[in-house]
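Numbering (the numbering used here), first residue to last: 123 to 540.
Structure below.
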């Protein structure tokens, strides 16, 4: 029975999933029948050469060993005289081969950010030339597990994808964000590059299954945040308005959480809105202004304008108007008792009369831009419009000077005023 079984050669059912199957009998007899399935190609090798390639169907093998005499010769020569080999190579696609890994660190031309790309997916592997596969990659062995060949092809595909994606993004053809919209173009370019590398092995990548090119999680979050900021800046008009709006929205919640109350939240929101109304420039904190210092002329009664007499010294009767006396500074010094001292003035004369025009407060704020003087309460220069520096705040308890953003006095801890 075993003698007749050697005359008919077919791949067992439990070996049909192999990429390459080698027939175990190395002494194939002449006139043996070979049955090749529809998804296979049989290669008959004799004397170290590929003699013939057989497609699907039933074929007769032109071997040298005769049915009866060959058995005797095989016994004498140790089964080496009529040595012949038969290989069955599968022609179907081996789908679901997985690949994946890190691609490269790439500079996004739009955001100018360095990001890390990764790729994961599946592809289908097929044999283009069975004879070239045996002579170049597999060899004359029984390839029971195609994992080694599939892993080699996956590495070549990942290498081709690195080159294709890096080249496409650097040239501006593809963008990092929204790269999934270009998967068809990526697949075409990657298959072309990979098949060029697999051509000498007799293999080819027929198609790619579900695959995706993604960013590292931290890079994806960074690019999304940057894209949102750029969009908001365009809507706001400039960066200062956007920053002020962000402070108004986020400072309140942050300060309220840090201080455990709602007062900090309202204060943070007010600061943001204040900065938004002033185009990003912080509003100065106004403190009560000290009284304007009096000039030496006011202290000693040496005004340039003549002082009027008190109302009590005026005559109620009709007559000429009272004669205004000159200032005490212009009067000669008298040595008599009761005379006003030199450089002094009579208190009655130095007192302003009712109805007299009040003296103009001195200008004590000088513009750093144009050099002109402005009133003490002025916020902007009356001559050129430049913002004037604000007066420093002082603690209401100890009088120590406060920094602009202080909420409490650093010396005594008293809450700062508005």
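Ideal Cβ placement from N, Cα and C applies to all residues, glycine included.
Residue i versus residue j - alpha carbon distance
{"i": "residue 158", "j": "residue 331", "result": "29 Å"}
{"i": "residue 249", "j": "residue 311", "result": "20 Å"}
{"i": "residue 538", "j": "residue 226", "result": "55 Å"}
{"i": "residue 135", "j": "residue 276", "result": "28 Å"}
{"i": "residue 154", "j": "residue 214", "result": "26 Å"}
{"i": "residue 231", "j": "residue 323", "result": "37 Å"}
{"i": "residue 527", "j": "residue 338", "result": "40 Å"}
{"i": "residue 259", "j": "residue 246", "result": "18 Å"}
{"i": "residue 265", "j": "residue 279", "result": "22 Å"}
{"i": "residue 516", "j": "residue 294", "result": "58 Å"}
{"i": "residue 336", "j": "residue 240", "result": "5 Å"}
{"i": "residue 139", "j": "residue 212", "result": "8 Å"}
{"i": "residue 303", "j": "residue 251", "result": "34 Å"}
{"i": "residue 329", "j": "residue 268", "result": "18 Å"}
{"i": "residue 353", "j": "residue 491", "result": "36 Å"}
{"i": "residue 307", "j": "residue 287", "result": "10 Å"}
{"i": "residue 167", "j": "residue 316", "result": "30 Å"}
{"i": "residue 218", "j": "residue 170", "result": "35 Å"}
{"i": "residue 242", "j": "residue 137", "result": "30 Å"}
{"i": "residue 299", "j": "residue 177", "result": "48 Å"}
{"i": "residue 244", "j": "residue 305", "result": "13 Å"}
{"i": "residue 285", "j": "residue 261", "result": "30 Å"}
{"i": "residue 270", "j": "residue 224", "result": "21 Å"}
{"i": "residue 222", "j": "residue 183", "result": "44 Å"}
Residue i, buried or exposed, once every other Cβ within 10 Å from all chains shown has been counted against 16
{"i": "residue 499", "result": "exposed"}
{"i": "residue 506", "result": "exposed"}
{"i": "residue 524", "result": "buried"}
{"i": "residue 162", "result": "buried"}
{"i": "residue 129", "result": "exposed"}
{"i": "residue 522", "result": "exposed"}
{"i": "residue 529", "result": "exposed"}
{"i": "residue 350", "result": "exposed"}
{"i": "residue 502", "result": "exposed"}
{"i": "residue 514", "result": "exposed"}
{"i": "residue 174", "result": "exposed"}
{"i": "residue 488", "result": "exposed"}
{"i": "residue 220", "result": "exposed"}
Delimiting residues of the beta strand (DSSP E) encompassing residue i
{"i": "residue 329", "result": "325-337"}
{"i": "residue 181", "result": "179-183"}
{"i": "residue 217", "result": "216-229"}
{"i": "residue 155", "result": "154-158"}
{"i": "residue 518", "result": "Where residue 518 is concerned, there is no enclosing beta strand (DSSP E), given that its DSSP letter is neither H nor E."}
{"i": "residue 162", "result": "162-168"}
{"i": "residue 208", "result": "206-212"}
{"i": "residue 241", "result": "236-249"}
{"i": "residue 132", "result": "From DSSP, residue 132 is part of no beta strand (DSSP E); its letter is neither H nor E."}
{"i": "residue 175", "result": "171-176"}
{"i": "residue 142", "result": "142-144"}
Contacts around residue i, its chain only, beta-carbon distance under 7 Å, and the 5 residues preceding and following it disregarded
{"i": "residue 481", "result": "Summary for residue 481: the model assigns pLDDT 49, below 50, so the residue's position carries little reliability; its value from the coordinates is reported in the next sentence. Excluding residues within five positions, none has a Cβ falling inside 7 Å."}
{"i": "residue 463", "result": "Because residue 463 sits at a pLDDT of 45, beneath the cut-off of 50, its placement in the model cannot be relied upon, and the point is left open."}
{"i": "residue 504", "result": "496"}
{"i": "residue 445", "result": "Any reading at residue 445 is ruled out, since the residue's pLDDT is 49, under 50, leaving its predicted position unreliable."}
{"i": "residue 179", "result": "158"}
{"i": "residue 309", "result": "330"}
{"i": "residue 282", "result": "312, 315, 316, 319"}
{"i": "residue 341", "result": "237, 238"}
{"i": "residue 383", "result": "The predicted model places residue 383 with a pLDDT of 46, which falls under 50 and marks its position as unreliable; any figure quoted below should be read in that light. Result list for residue 383: empty, nothing under 7 Å."}
{"i": "residue 343", "result": "none"}
{"i": "residue 333", "result": "241, 242, 243, 244"}
{"i": "residue 494", "result": "503, 505"}
{"i": "residue 160", "result": "178"}
Residues of its chain near residue i, where Cβ-Cβ distance is below 8 Å and the 5 sequence neighbours each way are ignored
{"i": "residue 519", "result": "531, 534, 536"}
{"i": "residue 508", "result": "489, 490, 491, 492, 502"}
Rounded distance between the beta-carbons of residue j and residue i, thought under 8 Å
{"i": "residue 272", "j": "residue 210", "result": "Not confirmed; about 18 Å, so no contact."}
{"i": "residue 320", "j": "residue 327", "result": "7 Å"}
{"i": "residue 131", "j": "residue 208", "result": "6 Å"}
{"i": "residue 156", "j": "residue 181", "result": "5 Å"}
{"i": "residue 256", "j": "residue 325", "result": "In fact, because the Cβ distance is near 12 Å, the residues do not count as touching under 8 Å."}
For residue i, the first and last residue of its enclosing alpha helix (DSSP H)
{"i": "residue 286", "result": "269-292"}
{"i": "residue 313", "result": "305-320"}
{"i": "residue 301", "result": "First-last for residue 301: undefined, no H or E at that position."}
{"i": "residue 259", "result": "Careful: residue 259 lies outside any alpha helix (DSSP H) and carries neither H nor E."}
Distance cut-off 7 Å: residue i Cβ against heavy atoms of the ligand HEM
{"i": "residue 538", "result": "Only the bare structure without any ligand can be found here, which leaves the ligand HEM out of the picture."}
Close beta carbons around residue i, own chain, < 6 Å, minus the five adjacent residues each side
{"i": "residue 172", "result": "165, 253"}
{"i": "residue 346", "result": "none"}
{"i": "residue 229", "result": "236"}
{"i": "residue 296", "result": "290, 304"}
{"i": "residue 301", "result": "335"}
{"i": "residue 133", "result": "143, 210"}
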